[in-house]
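Have a look at the structure below before the remarks.
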Amino acid sequence: MLFRHFLISTFLLVGITTVAIGAPVAETIEVINAIKFPRMGSGNLTLDRRFIIGIPGLPQCTPAWPQLVFSYCVTASTIGSACANPSNPKIIALFKKICPVRTVCMDFVTDPGPSVTPEMEVFALCVDAEFAKRFHSGDKDGVYCKTYEINGVTGDKATLSVDIYDGTQNPAKVRSVSISTGNQYGSKQNTNNYSRIIDSKNGQKIKVCMDVLSAGITLYAMFTFVDGTYGSSIG
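Residues -22 to -1, 1 to 213 (mature numbering (1 follows the signal peptide of the UniProt record, and there is no 0)) make up the sequence shown, in order.
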């Protein structure tokens, strides 16, 4: 099951970009503070691959198909759920749900167990738009980057998420998405999303880049992070 309470990034803008004739433009770095997701009942919010009622932004199954196998972003405003019935777990039913107003769908990777299949290593959430920053590609080919500083980290791990969308909120593939911080680096080719678990600490700077072959179309990258990692298992 996906476990631990969720900590989703919140963003505070720091630094001022100044422009002067003949002087370079300084990069504006945004500080990302982790906040807690609401608690469910008396315990921490969990995703246990079963039907979860009344929590906005989470993937939803139905009573007839109560077991959540995995979830994914269909568009920036739609989350998809792959659900099973325990009496016949080999059959999967797909459900789509519109994300709540002022949220954006983001894909994450889990810290999988040894018996977890690749498709079950991912999950999605509709994250409050206030907590998911974007940067644009412009309308020309090239590499576009943005740097963030993380804060409010409670442990030594963080799960980062980058999703690429076009102007119609549909996923848009780029040549690559990369994440770098210190001596940690990872990238994914020919993709519209990338999630990575990193060693983390407060004040750490994260550089996010997308290599775009745009053909005149402006794309935007959404970035957020979850404090900690989340395991996957059936149960």
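Ideal placement from N, C-alpha and C gives every residue a C-beta, glycine not left out.
For the set G164, T56, C77, D106, the Cα lying nearest the Cα of I175 is the one of G164. Here the C-alpha atom of I69 lies approximately 10 Å from the C-alpha atom of A60. E5 carries a coil assignment under DSSP once its states are collapsed to helix, strand and coil. Taking a contact as a CB-CB distance under 8 Å, the pair S178 and V140 does not count as one, their CB atoms being some 16 Å apart. Secondary structure note for V87: its beta strand (DSSP E) is the uninterrupted segment 81 to 87. Residue pairing by DSSP places L103 opposite M84 in a beta bridge. A102 places its beta carbon 7 Å or farther from that of V82. Straight-line measurement puts the Cα of E127 at about 5 Å from the Cα of V9. Our two residues, L197 and S65, have alpha carbons roughly 43 Å apart in a direct line. Distance from Q38 to K75 at the Cβ level is roughly 5 Å; contact confirmed, criterion being Cβ atoms closer than 8 Å.
Between the alpha carbons of T202 and S173 lies a gap of roughly 10 Å. For T125, the enclosing beta strand (DSSP E) covers residues 120 to 129. DSSP lists L138 as the beta-bridge partner residues of R174.
At the C-beta level, S49 and C77 stay beyond 7 Å of one another. The beta carbon of G194 sits closer than 6 Å to the beta carbons of D117 from its chain, once the five residues preceding and following it are set aside; these are given in chain order. Annotation: F113 to V186 spans about 10 Å, alpha carbon to alpha carbon. The residue from D134, V190, N180, S158 with its alpha-carbon nearest to that of T169 is V190. The Cβ atoms of G206 and G133 sit closer than 7 Å to each other. Distance from the Cα of N180 is smallest, within the candidate group N171, T159, E99, for T159. Nearest in C-alpha terms to A42, of all of E99, V52, T53, A71, is A71. Within 10 angstroms of the beta-carbon of K124 lie 16 or more other beta-carbons, which makes it buried. 7 Å or more divides the Cβ of V87 from the Cβ of V105. Here A150 is near I142, since their CB atoms are less than 7 Å apart. Between the beta-carbon of V204 and that of T137 there is about 4 Å, and that keeps the pair under the 8 Å contact cut.
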